[in-house]
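Before any comments, here is the structure.
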Amino acid sequence: MMFNSNKINKTSLNSSSIIIYFFIFLWVFLAAFPFIWTFWGSFKVELDFFSIANWTNAITGENTKQTYGSPFTFVGYHGAWVQEEFWKAFINTSLVCFFVVFTSLTIGTLGAYALSRSNYKYTFWLLIMALIFRSMPPITLVAGYLPPFFEWNLWGTLPTTIIVLVSINQPFTLWMLHSFFQNIPKELDESAKVDGCSQYKAFGYVIVPVMWPGIITTGLFSFLLAYNDFAVTAMLLSDENRTMVPQIAAFLGTTYTEGNVMFAVAAVVSATVPLFILIMFFQTKIVSGLTQGAVKG
Amino acid sequence: MKHRTFFWFILPTFLAMFFFITLPIISVVIQSFHTPHDNILITVENCDPFGCKKVTSIDHEATKELKNEKPLGKFVGLDIYFDRGHLALEQVKQHWNNSENLLSFLSLISDLPFYKAIFFTLTFTFTVTPIMLFLGLLIALGVNAFNRKLKGLIIFFSLLPMIVTPLIGSIILFWMIDSRGIVGNFLQIMFENPNLSLKASTSLTWVTLIVYGVWHAIPFSFIVFYAGLQTLPKDQIESAQIDGANTFQQTIHIIIPHIMPLITFVTLMQLMDNFRVFEPIIGFNAEAHATSLSWIIFNDLGGETRQLSAAATSSILTIIGIIILLLPVLIKTWREFDFKK
Amino acid sequence: MKLLLIKVFSILFFLVSSSAFACSISARVSIVGNEFPAIQTVGAGAKECKGAKVTANLTADHQKINVAGMSSKPAEYTTAIVANTSIVALLNNDLIRPLDDLVNKHGKDLKKNQLITIDGKIMAVAFMANAQHLVYRKDILKKLNIDVPKTYEEMLAAAKKIRASGLVKNPVGGAYKAGWNLAQEFNNMFIGYGGSHFKGNSAEPNVNSDAGVKALKMMKSLSEYMNPDFLTHDSNATNAEFRAGNVAIMNMWGSRAATLVDADGVSMEVKNGMDIAGPMTVGGGKTPASTLFWDGWTVAKKISDEEAEATFIAMTNAIRPSILDNEDIRKQAVWLIEGYKPTDAARGVFAAAKMNTTPYPMLPYAGLMHSAIGKEISDFMQGKETADKTLSDIEDAYRASAKEKGFI
Numbered sequence: 226m227m228f229n230s231n232k233i234n235k236t237s238l239n240s241s242s243i244i245i246y247f248f249i250f251l252w253v254f255l256a257a258f259p260f261i262w263t264f265w266g267s268f269k270v271e272l273d274f275f276s277i278a279n280w281t282n283a284i285t286g287e288n289t290k291q292t293y294g295s296p297f298t299f300v301g302y303h304g305a306w307v308q309e310e311f312w313k314a315f316i317n318t319s320l321v322c323f324f325v326v327f328t329s330l331t332i333g334t335l336g337a338y339a340l341s342r343s344n345y346k347y348t349f350w351l352l353i354m355a356l357i358f359r360s361m362p363p364i365t366l367v368a369g370y371l372p373p374f375f376e377w378n379l380w381g382t383l384p385t386t387i388i389v390l391v392s393i394n395q396p397f398t399l400w401m402l403h404s405f406f407q408n409i410p411k412e413l414d415e416s417a418k419v420d421g422c423s424q425y426k427a428f429g430y431v432i433v434p435v436m437w438p439g440i441i442t443t444g445l446f447s448f449l450l451a452y453n454d455f456a457v458t459a460m461l462l463s464d465e466n467r468t469m470v471p472q473i474a475a476f477l478g479t480t481y482t483e484g485n486v487m488f489a490v491a492a493v494v495s496a497t498v499p500l501f502i503l504i505m506f507f508q509t510k511i512v513s514g515l516t517q518g519a520v521k522g
Numbered sequence: 100m101k102h103r104t105f106f107w108f109i110l111p112t113f114l115a116m117f118f119f120i121t122l123p124i125i126s127v128v129i130q131s132f133h134t135p136h137d138n139i140l141i142t143v144e145n146c147d148p149f150g151c152k153k154v155t156s157i158d159h160e161a162t163k164e165l166k167n168e169k170p171l172g173k174f175v176g177l178d179i180y181f182d183r184g185h186l187a188l189e190q191v192k193q194h195w196n197n198s199e200n201l202l203s204f205l206s207l208i209s210d211l212p213f214y215k216a217i218f219f220t221l222t223f224t225f226t227v228t229p230i231m232l233f234l235g236l237l238i239a240l241g242v243n244a245f246n247r248k249l250k251g252l253i254i255f256f257s258l259l260p261m262i263v264t265p266l267i268g269s270i271i272l273f274w275m276i277d278s279r280g281i282v283g284n285f286l287q288i289m290f291e292n293p294n295l296s297l298k299a300s301t302s303l304t305w306v307t308l309i310v311y312g313v314w315h316a317i318p319f320s321f322i323v324f325y326a327g328l329q330t331l332p333k334d335q336i337e338s339a340q341i342d343g344a345n346t347f348q349q350t351i352h353i354i355i356p357h358i359m360p361l362i363t364f365v366t367l368m369q370l371m372d373n374f375r376v377f378e379p380i381i382g383f384n385a386e387a388h389a390t391s392l393s394w395i396i397f398n399d400l401g402g403e404t405r406q407l408s409a410a411a412t413s414s415i416l417t418i419i420g421i422i423i424l425l426l427p428v429l430i431k432t433w434r435e436f437d438f439k440k
Numbered sequence: 003m004k005l006l007l008i009k010v011f012s013i014l015f016f017l018v019s020s021s022a023f024a025c026s027i028s029a030r031v032s033i034v035g036n037e038f039p040a041i042q043t044v045g046a047g048a049k050e051c052k053g054a055k056v057t058a059n060l061t062a063d064h065q066k067i068n069v070a071g072m073s074s075k076p077a078e079y080t081t082a083i084v085a086n087t088s089i090v091a092l093l094n095n096d097l098i099r100p101l102d103d104l105v106n107k108h109g110k111d112l113k114k115n116q117l118i119t120i121d122g123k124i125m126a127v128a129f130m131a132n133a134q135h136l137v138y139r140k141d142i143l144k145k146l147n148i149d150v151p152k153t154y155e156e157m158l159a160a161a162k163k164i165r166a167s168g169l170v171k172n173p174v175g176g177a178y179k180a181g182w183n184l185a186q187e188f189n190n191m192f193i194g195y196g197g198s199h200f201k202g203n204s205a206e207p208n209v210n211s212d213a214g215v216k217a218l219k220m221m222k223s224l225s226e227y228m229n230p231d232f233l234t235h236d237s238n239a240t241n242a243e244f245r246a247g248n249v250a251i252m253n254m255w256g257s258r259a260a261t262l263v264d265a266d267g268v269s270m271e272v273k274n275g276m277d278i279a280g281p282m283t284v285g286g287g288k289t290p291a292s293t294l295f296w297d298g299w300t301v302a303k304k305i306s307d308e309e310a311e312a313t314f315i316a317m318t319n320a321i322r323p324s325i326l327d328n329e330d331i332r333k334q335a336v337w338l339i340e341g342y343k344p345t346d347a348a349r350g351v352f353a354a355a356k357m358n359t360t361p362y363p364m365l366p367y368a369g370l371m372h373s374a375i376g377k378e379i380s381d382f383m384q385g386k387e388t389a390d391k392t393l394s395d396i397e398d399a400y401r402a403s404a405k406e407k408g409f410i
């Protein structure tokens, strides 16, 4: 390890480590501040959150106090979860994320393994093609899906959206997993084959177990892509199948009509909770997954 | 690996990409060479709650046969590629002849939608990518030096910019940087200019978008580099320390070469994503000051009359742009690829 | 909050109780449309019908999916709720059917002016109207002894006085966000100065004219009294400024007037001070600098006649006169339904209709012009270009897209 923690502790008074500490805290502050601000503001009324009159209202909650007698209110949360039934969107998102991650990883692992264990010319071109596929703007792709999906009555359902999300994100998944596989010595397959395993068995029993950390890391990125997606879900899901992000966008209103920004803010804050738990849970796995040698191209 | 085994392993992912990316790309390419048939316009009387009047309408009967015969529309070759909304060859030629020097030429063509978008996109790509690589590395090095207990928490907070839905994240930041928001107020006090507004001027909007782009992308490079640092060979560092190398020298000579493959990977993905910059422009309502190719596509598809051919052409131009941008990296990959002899 | 819930429940209860008027259909009905409250009401009204499945997909992205959703065979959506801006896409692609037979058979409750006819054929049934008009703070105007502005020139003069008085720093509001909103404001002003977007009945652009220059100059003068960030302010942001007391006069959508100051935390001063009036004229013209909009429903072409009939019955049921018995529904929009008595908030739109405001043109290429204006006009508003240059840019941009779509 480079900046070994022991070493820093020993020389904790030197100026360079103070700079490092300062720099990291500055970054953490910059990264977290907007979120903390949002969290605090989600218990206020809109006029305080967007405190046009005086920005300190966002902290003290002047208008919230006037309206509800206390600087905190759960109106945004109640509106989003009870009145607008945000839990439905929450369930839809959970379904989409689960199946996207599961499918992406299954077919991605198979494909990436093959790509890393073959070195014919077509392997290279397949990887490059995948990269070029990724450069296609997703909005164009989605606009192209609409006519056939309507024609075949596939539009609006969760499975269609899941398959589209998996496919669109396959290039990224392939590249990332491919880099992981590159780091697993090929001798491992060979020795398994010597022991009488077929390539399939070698993959299933020998390679996959070694790959777990890498798979989890890639899974995290697939999860985030599915979870945060707006372009695909907004266009391909009917309103009863909406996931969280398009539902939040719907709270915001349009040119002709008033939205309810506080519902959106409360929904965003509550949507982050499962992610908080997830990251805390997988945090060590993620890091050790990347430690495996990870995305070394 | 045998061709046969390879085939079965790659089949599912290949099918998914073939049906949902390859086929659409082919249809988009075809679309970009075609336009709808010329409409036959007729004048008809039109009544609504506010009265009747004569208006122009499309005569569908007149073009029905033509449409059935050629459902793709009229073949126009590269016409759309060269029209004013895209490469604008004619206008560019004109501006070239009319301008005395390169600078005035550039300012003339920056009024054309495609070039306007390209100028911003390239500025964005070539500022955000290096800055996020540099800061991501710096943070990774810093966090690596922290003691164990704090690391988990710091990693979580560092990931927040990437986790919070960009749709809402940018709306909230957009408000914070308003001249009456907390950040806007802070900047006004700092620069002692009570009229300072980040949203009113083009250059400040660009700065804002770039800062946001960096902020949003740092977690990606940070987490990847941080992982790379964990695999650093200890003995190399130790021998460097014995040789009296300082921290800076160690970073340059040992750490950077070690994580070079990671830097390539992040650069590749970031160049691509930044070239397609879209969400911040929408989120920050920055259309008046900054546009990108993705935004042009969104605009063409989102209007009351959807311009499919124009959007298809812009999409193909985006792909071509990205290929040009990635070419150096692709060539490098080609050279390093371990081909079967 | 509780009030809102009670409102929602009372609407639901009302809808349930009133469905005693039997509405029975024998084929599927599937609706696509925007998602604002009035359209939600219409969707719920259609769902009262029994006998077959009624589904509604109400989303802000309806314009992006309705063409594709009505092009398949059979069409996924049997009806699309559209406005006079968005019906054009359906007409251009020949996706909706004439309704004359169905109106004769089932449409006895519909008023004649609800029927949108094109070339003598009924193509849509309108149920609500909308227009932009003046919204102002009567307390501020009174304090400074200013009459309610009737023209944009008076609005400018009022803005000058209000700023000078120090009551409000940036007294003028407007949805001047670059893109669709800003282009809409230009359209209003351009029509107000007597301009017409196209040459005669052709698709040739005609904005590069005297009226165009004047319209741009007026917008620029107004913007000097706006918040300096005006190019990022859509109608949501503009209304927020009004609620916070930072705007004293603005041109705003009629559909927003009823609930403009309802939000939690709006000061009594703003609540009591808000008032509305008809749209303003400009440059001595008689036609107001505003445009009229209607929202209505259509019936898809690529569906069976049974489905079309069921759709017509369900949608007519959704906009039957008796829905107006509920006060909350009455307030949701300026309804065009028989028996509607304008609420206080509807005065502005009614005044607009009475003043012979120009309806938004239902031309096949109007949307292209709107996009072209939206793309090019912000350069002028920022002072980067002259008015002439911007107008010729608009025409060039429009020509490129009109050529692509086969109009010129």
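So the protein lines, in turn, are chains V, L and R. Here the first sequence stands for residues 226 to 522, numbered as in this note's numbering. Here the second sequence stands for residues 100 to 440, numbered as in this note's numbering. Here the third sequence stands for residues 3 to 410, numbered as in this note's numbering. All C-beta atoms in this analysis are idealised placements derived from N, C-alpha and C, irrespective of residue type, glycine included.
Could you have a look at residue i and say whether DSSP puts it in helix, strand or coil?
{"i": "ASP103(R)", "result": "helix"}
{"i": "ARG245(R)", "result": "helix"}
{"i": "LYS232(V)", "result": "For LYS232(V), the pLDDT reaches just 43, beneath the cut-off of 50, and the residue's location in the model is therefore unreliable, although a value from the coordinates is still provided. Helix at LYS232(V)."}
{"i": "ASP327(R)", "result": "helix"}
{"i": "PHE274(V)", "result": "helix"}
{"i": "GLY369(R)", "result": "helix"}
{"i": "LYS521(V)", "result": "At LYS521(V) the pLDDT is 39, less than 50, meaning the model places this residue with poor confidence and gives no usable figure here."}
So residue i contacts chain R; which residues on that side make the cut at Cβ distance below 8 Å?
{"i": "ASP414(V)", "result": "Those within 8 Å of ASP414(V) in chain R number zero; the least Cβ separation is about 47 Å."}
{"i": "ALA257(V)", "result": "Those within 8 Å of ALA257(V) in chain R number zero; the least Cβ separation is about 26 Å."}
Run down chain V in chain order and give the residues with a C-beta less than 8 Å from the C-beta of residue i.
{"i": "LYS407(R)", "result": "Those do not exist, as LYS407(R) stays about 16 Å from chain V at its closest Cβ, beyond 8 Å."}
{"i": "VAL128(L)", "result": "Ordered by position in chain V, no residue passes the 8 Å Cβ test against VAL128(L), which lies about 11 Å from the chain."}
{"i": "TRP314(L)", "result": "LEU255, ALA256"}
Is residue i near residue j, with beta carbons less than 8 Å apart?
{"i": "GLY184(L)", "j": "PRO212(L)", "result": "yes"}
{"i": "VAL34(R)", "j": "ALA70(R)", "result": "no"}
{"i": "ILE238(L)", "j": "ILE317(L)", "result": "yes"}
{"i": "ALA283(V)", "j": "ALA246(R)", "result": "no"}
{"i": "ILE281(L)", "j": "MET275(L)", "result": "yes"}
{"i": "SER267(V)", "j": "ALA475(V)", "result": "no"}
Using CA coordinates, which residue listed in the options is at the minimum distance from residue i?
{"i": "GLY62(L)", "options": "SER269(L), VAL191(L), THR346(L), TRP274(L)", "result": "What is shown of chain L runs 100 to 440, which leaves residue 62(L) out entirely."}
{"i": "THR112(L)", "options": "ASN317(V), ALA337(V), GLN291(V)", "result": "ALA337(V)"}
{"i": "ASN196(R)", "options": "LEU92(R), THR43(R), ALA291(R)", "result": "The question names Asn, yet the displayed sequence has Gly at residue 196(R). Nearest of LEU92(R), THR43(R), ALA291(R) to GLY196(R), Cα basis: ALA291(R)."}
Just the chain V side, please: which residues come within less than 7 Å of residue i by C-beta, in chain order?
{"i": "ALA70(R)", "result": "LEU371, PRO372, PHE375"}
{"i": "SER408(L)", "result": "Per Cβ cutoff of 7 Å: no residues; SER408(L) is ~12 Å from chain V at best."}
{"i": "VAL400(L)", "result": "For the sequence presented, residue 400(L) should be read as Leu rather than Val. Those within 7 Å of LEU400(L) in chain V are ILE364, ALA368."}
Name the chain R residues whose beta carbon is nearer than 9 Å to that of residue i?
{"i": "PHE488(V)", "result": "Correct list: empty, because the minimum Cβ distance to chain R is about 11 Å."}
{"i": "ASN288(V)", "result": "ASP266, GLY267, VAL268, SER269"}
{"i": "VAL433(V)", "result": "None at all; the shortest Cβ gap to chain R is about 40 Å."}
Who are the neighbours of residue i on chain L, taking C-beta pairs under 9 Å?
{"i": "SER380(R)", "result": "GLU386, ALA387, HIS388"}
State whether the stretch 115-129 of chain R contacts the stretch 290-298 of chain R, with contact taken as three or more CB pairs (one from each stretch) at a distance under 8 Å. yes
Is the stretch 442-456 of chain V touching the stretch 54-69 of chain R in the sense that three or more CB pairs, one from each, lie closer than 8 Å? no
Should the stretch 377-395 of chain L be called in touch with the stretch 179-189 of chain R, which here means at least 3 C-beta pairs below 8 Å? yes
Does the stretch 254-271 of chain V touch the stretch 222-234 of chain R, meaning 3 or more C-beta pairs lie closer than 8 Å? no
The stretch 132-142 of chain L / the stretch 394-410 of chain R touching (three or more Cβ pairs under 8 Å): yes
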